[in-house]
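See structure below.
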Amino acid sequence: MAERSTAAVDVADNSGDDPLTAKAEKAATDGVAEAQDTAEKSADDADNKAGDRQNGEQPSIETPELHSGHKLARRYRLEECVTRLDGFSSWRAVDEKLRRAVGVHLLPADHPRARSVLAAARSAALLGDPRFVQVLDAVEENDLVYVVHEWLPDSVELTALLAAGPLEPHDAYQLVSQVSQAMAAAHREGLAHLRLTPSAVLRSSTGQYRIRGLAVNAALRGISAERPQRTDTESIGALLYASLTQRWPYDSDAYGLSGLPKGVGLLPPDQVRAGVHRGLSEIAMRALANDGATASRQEPPCTTPDELAKAVAAMPRIRPPEPEFPAPPEYQRTTYQQGTYGRPQQRPGVTVLQPPVPPPAPLESRTGRVLKWAVSALLIAALGLGSWQVADRLLDQKKGAETPKNTQPQDVEDKKEQTTGKPVAIIGAHDFDPLGDGSETPSEIGNAYDGDPSTSWQTSNYYGYPNFGRLKEGLGIVLDLGTVQQVGKVEVTFEGTTSVQLRTAPEGASSQPSSPDGFTTLAAQSGTHVTLAPAKPVKTRYVLVWLTELPSNAGGYRGKISDIKITS
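If you count the sequence shown from 1, you need to add 63 to reach the numbering used here.
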């Protein structure tokens, strides 16, 4: 399981005020969070709570008392509570049906925000964009409302990345480009985030950025905005600003970052830290609430994620830094190369100036003479062996001329050659996923062996790891040959480098085995066009093409088979 910092829900982050919303929204978020988390109720906390009541916020509600091991819908087992706040709680859990980690938000069904949370979760689930952490389920059951979402064990929060220092220009460019494009797509579907903080942005092991909490985090906290596109655009600008300077672009500390000095206003990133990329600095200022004014240029402000994405696309692309290779170690000469081989070592304190003795000429030393004799002996032995083989072959030919040839073995060989290398027809096929939910895009199965490389059968998209996100050992396609046929080799064409195994059912099997262990593994290979051939042809009716590792695809991993051919 992942550390809490890499997969916990964004609602656990309550450090600092949120500068990206109106003052009323600040009171509705961080003021309440601090009042719940702080043992001492200071005068500031009381003021924040008063602000909540003025903006229509309901008083705090008790979080449902659940414990580790509790199951929801007899499927989701709660493991660890990552936050408990304002009447709701967030957990790391396990989906026992699919054997994978998930995240769960829980709140009472009578919570004043329960209806809006359900509506936001169901709207976000319909988006289906892989750049967002997906909502898997949203249910009201037994006086509880819970939202289940993906848990990404191999991803790291932007908060953790910035704790180590500012990002490289290429990484910051990828961040603002990917996040602005994703939010532009979400706003086209009528969805806003409204709480796009460093802990809401994750970077996967492949360098892709993903956003969690779309619409749901704002609904959990009761956040709204009159200009949601402007709010999200300003949030993206703040993320870029922090990535370039390792400072929060306001005069208050937040999310583990120091704010700007009080009273100086919003300084451009390249004036806060030396060496900041000038183009990215201007993009950050155009996204923040400063009307786009910079020290050297007057560019129009970016007020929507779509405008910000277009501005990023218009700037020259920033290439990744060249990899640095360590310098090879200095070559150390041996004593023979230094000309001291065979010379007596001098005693300490005695300095004798002697010209270096040149090494002996090649093959003139004692070792060289031994090598010459050894090579000569090998040549003589090779000539003798060759002469003996020639004489033996001549004698065999003479015996063959005296004895009539028996053509029967040759006829048998000819028959064997005739029965191998012929195409074997595939009568039918179906997807084979006994270790998962039992189905893997069955409607496209005919594309895998229709002889048309432009069509293909594909698996579902898996995240985190190429071995199906570590959810199962594999899946594949079972090919039915109609009757028991001889199989000499199977050629499979993939889109992307894929690891695959050739498995066959026993020759006498009357029906297809129901588990992968019922098939015998005969060959394994990786590539885009693989030829799987057993040590010798086998006879079977059912052939299993079993995928074990998938190529990367759109931030995840997906397998695609465009052609399968079987020959005897």
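Even for Gly, the Cβ is constructed at its ideal location relative to N, Cα and C.
{"Item": "Which listed residue (575, 580, 512, 548) has its alpha carbon closest to that of residue 554", "Value": "512"}
{"Item": "Inter-residue Cα distance where the pair is residue 501 and residue 386", "Value": "44 Å"}
{"Item": "Residue nearest to residue 496 in terms of C-alpha spacing, selected from 531, 279, 516", "Value": "531"}
{"Item": "Cβ shell of residue 627 (< 6 Å), same chain only, five flanking positions each side left out", "Value": "511, 512, 555"}
{"Item": "Counted within 10 angstroms of its Cβ, other Cβ atoms place residue 337 as buried (16 or more) or exposed", "Value": "exposed"}
{"Item": "Reduced DSSP secondary structure (H/G/I, E/B, other) of residue 292", "Value": "helix"}
{"Item": "Euclidean distance between Cα positions of residue 630 and residue 191", "Value": "41 Å"}
{"Item": "Supposed close pair residue 327, residue 180 - CB separation, criterion 8 Å", "Value": "Rounded, the Cβ-Cβ distance is 40 Å, inconsistent with contact."}
{"Item": "Residue 504 - DSSP class collapsed to helix/strand/coil", "Value": "coil"}
{"Item": "Delimiting residues of the alpha helix (DSSP H) encompassing residue 329", "Value": "Run containing residue 329: none; DSSP gives neither H nor E here."}
{"Item": "Under the three-state DSSP convention, the category residue 520 falls into", "Value": "strand"}
{"Item": "Unbroken alpha helix (DSSP H) run spanning residue 592, endpoints", "Value": "Element bounds for residue 592: not the alpha helix (DSSP H) but the beta strand (DSSP E), 583 to 595."}
{"Item": "Cutoff 9 Å: residue 498 Cβ touching any chain D Cβ", "Value": "Among the protein chains of the structure shown there is no chain D, as only one such chain exists."}
{"Item": "Beta strand (DSSP E) segments (min. 3 residues) lying fully within the region 268 to 314", "Value": "272 to 274"}
{"Item": "Residue 610 beta carbon less than 9 Å from that of residue 566", "Value": "no"}
{"Item": "DSSP-derived helix/strand/coil call for residue 436", "Value": "helix"}
{"Item": "9 Å Cβ cutoff met for residue 262 and residue 296", "Value": "no"}
{"Item": "C-alpha distance - residue 458 paired with residue 451, whole-angstrom precision", "Value": "11 Å"}
{"Item": "Coil, strand or helix - residue 447 by DSSP", "Value": "helix"}
{"Item": "Minimum C-alpha distance to residue 321 - residue among 251, 203, 340, 309", "Value": "309"}
{"Item": "Residue range of the beta strand (DSSP E) that includes residue 545", "Value": "538 to 550"}
{"Item": "Proximity below 9 Å, CB of residue 172 to CB of residue 206", "Value": "yes"}
{"Item": "Unbroken stretches of the alpha helix (DSSP H), 4 residues or longer, contained in the region 194 to 249", "Value": "221 to 226"}
{"Item": "Which listed residue (211, 141, 231, 600) has its alpha carbon closest to that of residue 550", "Value": "600"}
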